[in-house]
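Asks: Each protein sequence line maps, in turn, to chains A and B.
In this text, residue positions in the first sequence follow our numbering: the first is 134, and each later residue adds one.
In this text, residue positions in the second sequence follow our numbering: the first is 39, and each later residue adds one.
By construction, the Cβ of each residue, glycine as well, lies at the ideal position given by its N, Cα and C atoms.
In this text the structure is predicted, and so the values were computed from the model without any measurement.
Structure provided below as structure tokens; questions to follow.
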Amino acid sequence: MTGKVKLATTSLAGCFGCHMSFLDLDERILPLLERVTFDRSPLTDVKHASACDVGLIEGGVCNEDNLHVLKEFRDQCRLLVSVGACAINGGLPAQRNQFDVSELLHTVYMAEPGLGRRALPDDVELPRLFDKVRPVHEFVRVDYFLPGCPPPADAFWAFLTALLDGREPTLPRGALRYD
Amino acid sequence: MSRPRFTLDGVPVEFDEGQTLIEAARAAHTYIPFLCAHPDFPAHGSCRVCTVLVNGRPMAACTTRAAAGLTVESQTPSLHADRQALVQMLLVEGNHFCPGCEKSGGCTLQTLGTDLGVTSAGFAHESPQRPVDASHPDLLLDFNRCILCELCVRASADVDHKHVFALSGRGLHKHLIVNAESGRLADTGMSVDDVAARVCPVGVILKKRVGFSTPIGQRPHDVAPPRTQVEGKEEP
Ligand code: SF4
Ligand code: SF4
């Protein structure tokens with residue numbers, strides 16, 4: 134990969150912790166910006182990706198909207214990178230996979246005190262939940278994985294600089310982690 | 039008289055009669071990736087991570103006796119890929135969420151995965167439903183992470199003489215069970231001081247009230263991962 138590359142980032146069922154860790158690149162963002170322009174990203178507030186070279190995706194797939202965003206994002210990105218534990222195996226949101234969704238909704242919105250109106254959220258604008266939270270690679274082809282909860286800034290750095298230099302990315306010791 | 043030798047990735051390794059390939063390699067400070075092998079217990083040979091080529095044939099290094107003149111290969115691209123796939127299959131077979139696991143940083147499966155460069159489980163997750171057993175006052179059982187190595191079964195039977203654990207079922211249905219009418223750990227003679235309570239290589243049998251007490255950077259495998267323990271070198 135040579136010249137300035139277009140990079141997009143987005144989050145599905147994640148906590149934006151991976152994006153925060155990306156920002157931990159701190160002053161290394163500046164040399165990165167000389168080689169990269171940001172397209173869709175919470176950092177630019179651009180809502181829809183146009184054709185991009187690399188897409189970083191955080192979070193797993195827990196509802197219809199996640200899947201819609203994921204497919205649109207995949208279509209626009211030449212290389213798709215699953216970033217973080219949630220994108221890679223469902224992570225914390227997938228802890229609900231042990232339970233039945235409707236039982237969960239009833240427990241949270243009907244049985245437990247504290248939410249005032251005892252009714253299931255049914256606004257048509259709310260995306261429907263899937264029965265299980267699933268990782269990104271179970272829906273679309275994923276080209277690279279950057280594990281960690283979140284991946285440390287050094288992992289983002291090693292990965293992106295390798296891609297930009299046209300090398301096969303490898304993560305240095307300590308930067309490849311599952312926690 | 040000089041000791042007998044075999045070659046491991048082209049390097050001569052001396053051994054004592056009766057030693058397995060992994061034992062001889064370990065004694066020579068050479069790391070063959072492993073998961074279910076434990077120096078204090080006879081080999082189980084179930085995970086196949088330590089598979090090497092012995093005169094060209096794939097054999098588990100933990101169950102194969104060393105013999106003079108053998109040509110053993112361990113660091114080949116194809117064995118590396120097999121080992122990665124074995125780790126990936128174990129990860130999707132259970133529920134492994136390392137960020138919330140007390141064993142993280144001291145888990146043989148996790149460290150093996152990162153050491154082999156496994157970045158994702160790759161396959162579709164089985165997401166089995168396995169409730170935890172928190173009945174025991176001092177110990178927690180999280181069945182979601184069991185790799186069926188049988189170390190706890192053997193430790194409890196052969197060392198603690200309590201027979202608290204067993205593996206039940208076959209193939210995909212194989213799972214760890216607790217030897218009590220109720221199936222609960224609280225209704226067994228298990229004690230926190232048992233060898234079986236500290237032998238699990240992953241995060242199934244856990245001591246209560248000590249989880250996450252060691253800071254990241256100082257946990258067992260942060261300090262000395264299995265590879266370093268075998269090679270006897272300091273972390274760079
Ligand atoms: S047992 Fe090991 S691999 Fe599984 S969740 Fe715990 S630390 Fe991760
Ligand atoms: S509980 Fe731990 S020691 Fe026992 S069989 Fe499962 S992984 Fe092995």
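Can you list, in chain order, the residues of its chain whose CB lies under 6 Å from that of VAL197 of chain B, leaving out five sequence neighbours each side?
Replies: The sequence position of residue 197 of chain B within the second sequence is 159, counting from 1. For VAL197 of chain B, where only same-chain residues beyond five positions count, the Cβ hits under 6 Å are VAL233.
Asks: Consider the Cβ of GLN209 of chain A: report whether some Cβ of chain B lies at a distance smaller than 8 Å.
Replies: Within the first sequence, residue 209 of chain A is the residue found at index 76, counting from 1. No - not a single Cβ of chain B is within 8 Å of the one on GLN209 of chain A.
Asks: Hey, would you say ARG265 of chain B sits closer than 8 Å to ASP153 of chain B, going by beta carbons?
Replies: The residue labelled residue 265 of chain B in the question sits at position 227 within the second sequence. The residue labelled residue 153 of chain B in the question sits at position 115 within the second sequence. Closer than 8 Å, so yes.
Asks: What is the rounded straight-line gap between the Cα of PHE278 of chain A and the Cα of PRO239 of chain B?
Replies: In the first sequence, residue 278 of chain A corresponds to position 145, counting from 1. In the second sequence, residue 239 of chain B corresponds to position 201, counting from 1. The alpha-carbon atoms of PHE278 of chain A and PRO239 of chain B are separated by roughly 25 Å.
Asks: If the criterion is Cβ atoms closer than 8 Å, does the pair VAL266 of chain A and ALA220 of chain A meet it?
Replies: The count along the first sequence starts at 1 and reaches residue 266 of chain A at position 133. The count along the first sequence starts at 1 and reaches residue 220 of chain A at position 87. Taking 8 Å as the Cβ cut-off, VAL266 of chain A and ALA220 of chain A do not qualify as a contacting pair.
Asks: Check the DSSP bridge columns for TYR311 of chain A and list the partner residues they point to.
Replies: Within the first sequence, numbered from 1, the residue matching residue 311 of chain A stands at position 178. Beta-bridge pairing links TYR311 of chain A to no other residue.
Asks: Could you name the residues of the same chain whose beta carbon sits closer than 6 Å to that of ARG168 of chain B, not counting the 5 residues immediately before and after it, in chain order?
Replies: In the second sequence, residue 168 of chain B corresponds to position 130, counting from 1. Closer than 6 Å at Cβ, skipping near neighbours: PHE181, ASN182.
Asks: What are the residues in the stretch 269-301 of chain A lying within 8 Å of chain B by C-beta distance?
Replies: Those would be HIS270, GLU271, VAL275, TYR277, PHE278, LEU279, PRO280, CYS282, in chain order.
Asks: So is the beta-carbon of CYS145 of chain B under 7 Å away from any non-hydrogen atom of ligand 1?
Replies: Position 107 of the second sequence, counted from the start, is the residue given in the question as residue 145 of chain B. Yes, the Cβ of CYS145 of chain B comes within 7 Å of a heavy atom of ligand 1.
Asks: Mark LEU210 of chain B as exposed unless 16 or more other C-beta atoms lie within 10 angstroms of its C-beta, in which case mark it buried.
Replies: Taking the second sequence and counting its residues from 1, the one referred to as residue 210 of chain B is at position 172. The residue in question, LEU210 of chain B, is exposed, as its Cβ has fewer than 16 Cβ neighbours within 10 Å.
Asks: Hey, would you say GLY224 of chain A sits closer than 8 Å to PHE135 of chain B, going by beta carbons?
Replies: In the first sequence, counting from the first residue as 1, residue 224 of chain A sits at position 91. In the second sequence, counting from the first residue as 1, residue 135 of chain B sits at position 97. Contact flag set, yes.
Asks: Please name the residue in A:CYS185, A:VAL216, A:PHE263 whose C-alpha comes closest to that of VAL234 of chain A.
Replies: On the first sequence, residue 234 of chain A is found 101 positions in, with the first residue counted as 1. Comparing Cα-Cα distances from VAL234 of chain A to each of A:CYS185, A:VAL216, A:PHE263, the minimum goes to A:PHE263.
Asks: Going by DSSP, which residues form a beta bridge with MET97 of chain B?
Replies: Residue 97 of chain B sits at position 59 when you count from the first residue of the second sequence. In DSSP, MET97 of chain B forms a bridge with B:VAL90.
Asks: Is ARG183 of chain B near ligand 1, in the sense that its beta carbon is under 7 Å from a heavy atom of that ligand?
Replies: Here residue 183 of chain B corresponds to residue number 145 of the second sequence, with the count starting at 1. It does: the Cβ of ARG183 of chain B is within 7 Å (strictly closer) of some heavy atom of ligand 1.
Asks: What does LYS265 of chain A reach in chain B if we use C-beta pairs closer than 9 Å?
Replies: By 1-based counting over the first sequence, the position of residue 265 of chain A is 132. In chain order: HIS163, SER165.
Asks: Could you check how far apart the C-beta atoms of CYS85 of chain B and PRO71 of chain B are, in whole angstroms? I think they sit under 8 Å.
Replies: To locate residue 85 of chain B, count along the second sequence from 1; it is residue 47. To locate residue 71 of chain B, count along the second sequence from 1; it is residue 33. Going by Cβ atoms, the distance from CYS85 of chain B to PRO71 of chain B rounds to 10 Å, so no, they are not a contact pair.
Asks: Determine, using beta carbons only, whether CYS184 of chain B comes closer than 8 Å to chain A.
Replies: Here residue 184 of chain B refers to the residue found at position 146 of the second sequence. Not closer than 8 Å to any Cβ of chain A, the Cβ of CYS184 of chain B fails to qualify, so no.
Asks: Could you give the first and the last residue of the continuous beta strand (DSSP E) run that contains LEU154 of chain B?
Replies: Working through the second sequence from its first residue, we reach residue 154 of chain B at position 116. First-last for LEU154 of chain B: undefined, no H or E at that position.
Asks: Measure the alpha-carbon distance for CYS151 of chain A versus GLY144 of chain B and round it to whole angstroms.
Replies: Along the first sequence, read from residue 1 onward, the residue named residue 151 of chain A stands at position 18. Along the second sequence, read from residue 1 onward, the residue named residue 144 of chain B stands at position 106. Cα to Cα, the separation comes out at about 24 Å.
Asks: Verify the CB distance criterion: does LEU309 of chain A have a CB-CB separation below 8 Å to chain B?
Replies: Locating residue 309 of chain A in the first sequence gives position 176, where the first residue counts as 1. At least one chain B Cβ lies under 8 Å of LEU309 of chain A.
Asks: Under 8 Å by Cβ, that's how I've got ASP47 of chain B and GLN113 of chain B pegged, so tell me the actual separation to the nearest angstrom.
Replies: By 1-based counting over the second sequence, the position of residue 47 of chain B is 9. By 1-based counting over the second sequence, the position of residue 113 of chain B is 75. Correct: roughly 5 Å between the Cβ atoms.
Asks: Once the 5 residues before and after GLY151 of chain B are set aside, which same chain residues still bring their CB inside 6 Å of it?
Replies: Numbered from 1 along the second sequence, position 113 holds the residue referred to as residue 151 of chain B. Only VAL125 meet the Cβ criterion.
Asks: Give the single residue among A:PRO254, A:GLY217, A:GLU271, A:LEU156 whose Cα lies nearest to the Cα of LEU200 of chain A.
Replies: For the purposes of this step, residue 200 of chain A is taken as residue 67 along the first sequence, with counting starting at 1. Checking every option, the nearest Cα to that of LEU200 of chain A belongs to A:GLU271.
Asks: Tell me whether PRO274 of chain B sits in a helix, a strand or coil according to DSSP, three-state version.
Replies: The sequence position of residue 274 of chain B within the second sequence is 236, counting from 1. At PRO274 of chain B the pLDDT is 48, less than 50, meaning the model places this residue with poor confidence; the figure from the coordinates comes in the next sentence. Looking at PRO274 of chain B - three-state DSSP - the assignment turns out to be coil, as it is neither helix nor strand.
Asks: Measure from the alpha carbon of ALA75 of chain B to the alpha carbon of each residue in B:LEU108, B:VAL110, B:CYS190, B:VAL51, then state which is nearest.
Replies: Against the second sequence, residue 75 of chain B aligns to sequence position 37. Among B:LEU108, B:VAL110, B:CYS190, B:VAL51, the Cα nearest to that of ALA75 of chain B belongs to B:CYS190.
Asks: Under 8 Å between C-beta atoms, does ALA146 of chain A make it to chain D?
Replies: The structure shown contains no chain D; the protein chains it does contain are A and B.
Asks: Going by the CB atoms, is the gap between SER154 of chain A and PRO175 of chain A shorter than 8 Å?
Replies: Start at 1 with the first residue of the first sequence, and residue 175 of chain A comes out as number 42. Start at 1 with the first residue of the first sequence, and residue 154 of chain A comes out as number 21. The answer is no: Cβ separation not under 8 Å.
Asks: Note down the Cα distance separating THR102 of chain B from ALA224 of chain B, rounded to an integer number of angstroms.
Replies: Here residue 102 of chain B refers to the residue found at position 64 when the second sequence is read from its first residue. Here residue 224 of chain B refers to the residue found at position 186 when the second sequence is read from its first residue. Between THR102 of chain B and ALA224 of chain B, the C-alpha separation is close to 39 Å.
Asks: Does the Cβ of PHE250 of chain B have 16 or more other Cβ atoms within 10 Å, making it buried, or fewer, making it exposed?
Replies: For the purposes of this step, residue 250 of chain B is identified with residue 212 of the second sequence, where counting begins at 1. Exposed, by the Cβ-count rule.
Asks: Just checking my contact of CYS187 of chain B with HIS82 of chain B at CB under 8 Å: how many whole Å lie between their CB atoms?
Replies: Here residue 187 of chain B corresponds to residue number 149 of the second sequence, with the count starting at 1. Here residue 82 of chain B corresponds to residue number 44 of the second sequence, with the count starting at 1. Yes, they are in contact, since the Cβ atoms of CYS187 of chain B and HIS82 of chain B sit about 6 Å apart, within 8 Å.
Asks: Can you check whether the C-beta of THR157 of chain B is within less than 8 Å of a C-beta belonging to chain A?
Replies: If you number the second sequence from 1, residue 157 of chain B lands on position 119. Taking Cβ atoms only, chain A reaches closer than 8 Å to THR157 of chain B, which makes this a yes.
Asks: For ILE190 of chain A and LEU147 of chain B, I'd like the C-alpha separation in whole angstroms.
Replies: Indexing the first sequence from 1 puts residue 190 of chain A at position 57. Indexing the second sequence from 1 puts residue 147 of chain B at position 109. Those two C-alpha atoms are separated by around 26 Å.
Asks: Which full runs of the alpha helix (DSSP H) of 4+ residues lie inside the stretch 214-258 of chain A, going along the chain?
Replies: Entirely contained in the stretch 214-258 of chain A, the alpha helix (DSSP H) runs reaching 4 residues are, in chain order, 217-222, 234-239.
Asks: Where does MET134 of chain A fall in DSSP's three states?
Replies: Indexing the first sequence from 1 puts residue 134 of chain A at position 1. Because MET134 of chain A sits at a pLDDT of 47, beneath the cut-off of 50, its placement in the model cannot be relied upon, and the point is left open.
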